[in-house]
Amino acid sequence: MKDQSSTKGNDALNNSNSLNDETNRPLERRIFKVNYGFLCFFAMIAGMGIFQLGYVLTANNQVSPILDIQFNLTDKSDKNFYHTMIGSSAVLGATIGSFSAGKIIQIGRRRSIIIFNFIGAVAVFGTLILNFYTICAGRLVLGFCGGLFSVALSRMIDETIPQNLLGTFGVVTNLSMNAGNMFSILMGAGLPDQEDTKASEDSNFWRIIFGFPWVFQIIQVSAFLFIVRYESIKFLIDHKRDNQALKAIQQVYHSSENPQEILDYIRRTGQKPSSNKISMCKALTGQNFWRATWFCILFGILLQLTGINAIIWYSNNILQKIQDDSGHGISPRLGTILIGVTNFIGSIISIFVVRRFGRKTLMVSGNLVMALLLFLVGLFSFLKFNNVMLIMILLFLLIFQQSDGPIFYMYASEITQDTGLGFAFLSLKGSGLIISLTTEYLMDSVLQPSGAFLLFACITLAGAIFFIFAMKETKHLTDKEKKDLYKTRFKELEDIQFEEDIIESDLNINRQQ
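Numbering of the sequence shown is given in our numbering, commencing with residue 68 and proceeding in unit increments.
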């Protein structure tokens with residue numbers, strides 16, 4: 068049996084080589100005109116799922132002092148516990164959702180988002196009840212939905228946006244997340260001052276903040292049902308739904324382009340359809356998959372260990388502690404708003420930066436600069452130069468949004484399959500869960516904020532060294548070339564057969580012409 072299989076593989080390889088000799092030409096890279104109006108609308112609507120995740124993860128940032136009063140919490144340890152559990156429940160949900168998404172979204176990226184928007188709408192009810200357990204349960208489910216949305220969106224962008232525009236539209240996942248963060252922080256401006264105990268006791272505005280995801284869910288589901296009516300193009304091609312793929316192409320590309328020609332080109336430059344349907348074991352240990360999966364797992368962990376979400380999720384409490392210890396500095400609420408707005412502005416700037424520079428260039432240079440800025444944050448925190456420290460945090464956020472922030476979502480989707488992408492997001496959200504569970508205790512430990520940021524600086528510097536030696540550039544590569552970057556030279560029989568089919572298809576097209 069083994070000899071027959073080997074012979075069959077050799078025959079296929081010989082046929083493939085002969086066909087390559089007959090064509091004797093490299094694959095032509097084509098750029099087609101697109102419908103920018105539809106692409107922008109598509110990106111906005113598809114991004115509303117992860118917009119919800121960013122919103123939910125940050126919603127407790129400024130609500131927590133109000134809930135402290137309404138829950139009658141006075142002890143510092145009790146407040147830390149409630150802050151950590153309510154905040155971390157959504158992160159735990161996002162961790163589980165990210166891990167599960169690789170399999171779930173194989174029923175359809177758009178379809179999965181619609182289903183879990185309905186589930187998320189039910190979960191919102193639990194967050195509106197002044198009960199510790201129902202708030203945590205509701206946020207857990209919302210986090211699960213958001214984790215799935217993040218994986219589905221990354222795949223939709225990669226499978227719909229033309230390769231030459233991924234530098235521009237590839238930042239949508241990160242931009243949407245940060246837009247949700249900022250919107251949630253700005254909503255906190257409607258809360259009463261936490262020093263006004265009576266107003267805080269009577270306030271119900273926290274329910275408006277927690278209930279606002281209903282608005283995003285209605286908009287996204289309506290748009291998916293009536294306007295963005297098709298799955299991502301490559302998903303439809305892989306599932307042999309060419310009629311729907313042609314209709315999706317007509318929406319995405321300019322009316323002057325030939326949809327069938329575009330479909331044929333995407334099929335020729337894409338990976339084989341079965342590659343997206345691999346087992347968890349194969350994603351982690353398979354000869355052609357483990358390198359990409361484990362690289363992205365380490366990438367996700369290093370991203371969180373820059374301290375980005377310790378700042379975004381707990382900025383109000385961190386700044387309050389620093390102000391209490393030093394007795395001066397900008398108010399925590401204003402500082403938190405500045406952090407949220409700066410983070411979002413950095414995301415907008417990244418649209419132009421990521422389009423211009425390579426992924427590896429941005430990661431290496433970005434991590435080196437971030438390590439320096441985190442060191443300065445720790446130094447100025449120790450010296451109690453609070454306003455200067457805040458400026459260093461804002462600069463750190465601007466650099467983060469040109470490197471780790473957008474590149475992780477783009478790069479993980481470019482080089483992994485669905486299951487591997489699920490593991491990548493599991494590492495991102497799982498390490499984020501650890502950050503969420505430990506941040507308040509870390510800031511109160513012997514390290515204090517200054518020591519914590521110096522620790523983040525050292526890890527970020529180590530991350531820069533890792534990216535220098537381990538990361539490969541994907542800019543300007545086709546989908547198949549990106550998926551092959553971390554593979555071994557070994558080709559399975561189905562890879563050879565898939566390439567042979569593509570070459571034969573090219574020859575048939577040439578003969579017809």
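Backbone N, C-alpha and C define an ideal beta-carbon position, used for all residues, glycine too.
Checklist entry - Which whole-angstrom value is the C-beta distance of I252 and T403, which I expect to be below 8 Å? => result To locate residue 252, count along the sequence shown from 1; it is residue 185. To locate residue 403, count along the sequence shown from 1; it is residue 336. So it is a contact: roughly 6 Å between Cβ atoms.
Checklist entry - Should the segment 503-518 be called in touch with the segment 260-279, which here means at least 3 C-beta pairs below 8 Å? => result no
Item to check | Contact the segment 255-270 vs the segment 433-444: 3+ CB pairs below 8 Å | outcome: no
Checklist entry - T483 to S417, Cα distance in whole Å? => result The count along the sequence shown starts at 1 and reaches residue 483 at position 416. The count along the sequence shown starts at 1 and reaches residue 417 at position 350. Roughly 23 Å between the two C-alpha positions.
Next on the checklist: On the DSSP letters alone, give me the boundaries of the alpha helix (DSSP H) that V208 sits inside.
Outcome noted: In the sequence shown, residue 208 corresponds to position 141, counting from 1. Start and end: F199 to T227.
Checklist entry - Beta-carbon separation of G234 and A161 under 8 Å? => result Mapped onto the sequence shown, residue 234 falls at position 167. Mapped onto the sequence shown, residue 161 falls at position 94. Not in contact: G234 and A161 (Cβ atoms no closer than 8 Å).
Next on the checklist: Just to confirm, is the Cβ distance from A479 to L493 under 8 Å?
Outcome noted: For this step, residue 479 is matched to residue 412 along the sequence shown. For this step, residue 493 is matched to residue 426 along the sequence shown. Cβ distance not < 8 Å, so A479 and L493 don't count as in contact.
Next on the checklist: Assuming contact is defined by CB atoms lying nearer than 8 Å, are L365 and F533 in contact in what I supplied?
Outcome noted: Taking the first residue of the sequence shown as position 1, residue 365 is located at position 298. Taking the first residue of the sequence shown as position 1, residue 533 is located at position 466. Yes, Cβ-Cβ distance for L365 and F533 is below 8 Å.
Checklist entry - Smallest Cα separation from S448: which of I460, N376 and T409? => result Here residue 448 corresponds to residue number 381 of the sequence shown, with the count starting at 1. Comparing Cα positions, the closest option is I460.
Checklist entry - Just how far apart, CA to CA, sit N453 and K307? => result To locate residue 453, count along the sequence shown from 1; it is residue 386. To locate residue 307, count along the sequence shown from 1; it is residue 240. If I take the Cα positions, the gap works out to 59 Å.
Next on the checklist: Determine whether the beta carbon atoms of Q119 and G164 lie at a separation below 8 Å.
Outcome noted: Within the sequence shown, residue 119 is the residue found at index 52, counting from 1. Within the sequence shown, residue 164 is the residue found at index 97, counting from 1. No, the pair does not count as a contact, with Cβ atoms beyond the cut-off.
Next on the checklist: Between the alpha carbons of M347 and I458, how many angstroms are there, rounded?
Outcome noted: Numbered from its first residue, the sequence shown carries residue 347 at position 280. Numbered from its first residue, the sequence shown carries residue 458 at position 391. Going from the Cα of M347 to the Cα of I458 covers about 43 Å.
Checklist entry - My guess is that I304 and T227 are in contact by the Cβ rule of under 8 Å, so how many angstroms apart are they, rounded? => result Position 237 of the sequence shown holds residue 304. Position 160 of the sequence shown holds residue 227. Going by Cβ atoms, the distance from I304 to T227 rounds to 11 Å, so no, they are not a contact pair.
Next on the checklist: Buried or exposed, going by whether 16 or more other CB atoms sit within 10 Å of the CB of H543?
Outcome noted: In the sequence shown, the residue the question calls residue 543 occupies position 476. H543 is exposed by the Cβ-count criterion.
Checklist entry - Taking 7 Å as the cut-off, is the CB of R296 close to at least one heavy atom of the ligand NAP? => result The ligand NAP is absent from the structure shown, which contains no ligand whatsoever.
Item to check | Length of the line joining the Cα atoms of S72 and Q354 | outcome: Here the question's residue 72 lines up with position 5 in the sequence shown. Here the question's residue 354 lines up with position 287 in the sequence shown. In this predicted model, S72 has a pLDDT of only 44, less than 50, meaning its place in the structure is not dependable enough to derive any value.
Checklist entry - Could you give the distance in angstroms between the alpha-carbon of I202 and the alpha-carbon of P132? => result Here the question's residue 202 lines up with position 135 in the sequence shown. Here the question's residue 132 lines up with position 65 in the sequence shown. One C-alpha to the other measures close to 15 Å.
Item to check | Beta bridge counterpart(s) of Y320 as assigned by DSSP | outcome: Counting from one through the sequence shown, the residue named residue 320 turns up at place 253. Paired residues: V101.
Checklist entry - G407 to K349, Cα distance in whole Å? => result Reading the sequence shown from its first residue, position 340 is the one you call residue 407. Reading the sequence shown from its first residue, position 282 is the one you call residue 349. Looking at the two C-alpha atoms, the distance is approximately 40 Å.
Checklist entry - From what residue to what residue does the alpha helix (DSSP H) around N241 run? => result On the sequence shown, position 174 is the one that residue 241 refers to. Residues V239 to M254.
Next on the checklist: Applying the 10 Å Cβ sphere with the 16-neighbour rule, what's the burial state of G530?
Outcome noted: The residue given as residue 530 occupies position 463 in the sequence shown. Result: buried.
Next on the checklist: Helix, strand or coil for S299? Go by DSSP, reduced to three states.
Outcome noted: Mapped onto the sequence shown, residue 299 falls at position 232. S299: coil per DSSP, three-state reduction.
Checklist entry - Alpha carbon to alpha carbon, how far is I378 from V282? => result Translated into the one-based positions of the sequence shown, residue 378 becomes position 311. Translated into the one-based positions of the sequence shown, residue 282 becomes position 215. Using only the alpha carbons, I get a separation of about 27 Å.
Next on the checklist: So, with DSSP's three-state summary, where would you put T483?
Outcome noted: Position 416 of the sequence shown, counted from the start, is the residue given in the question as residue 483. It is coil, neither helix nor strand.
Item to check | Q137, enclosing alpha helix (DSSP H) - first and last residue | outcome: Sequence index remark: in the sequence shown, residue 137 carries index 70 (1-based). Its alpha helix (DSSP H) spans residues M115 to Q137.
Item to check | Three-state secondary structure assigned by DSSP to P259 | outcome: Locating residue 259 in the sequence shown gives position 192, where the first residue counts as 1. Residue state, collapsed to three classes: coil.
Item to check | Within 8 Å, strictly: CB atoms of V239 and A168 | outcome: As a position in the sequence shown, residue 239 is number 172, starting the count at 1. As a position in the sequence shown, residue 168 is number 101, starting the count at 1. Cβ atoms of V239 and A168: not closer than 8 Å.
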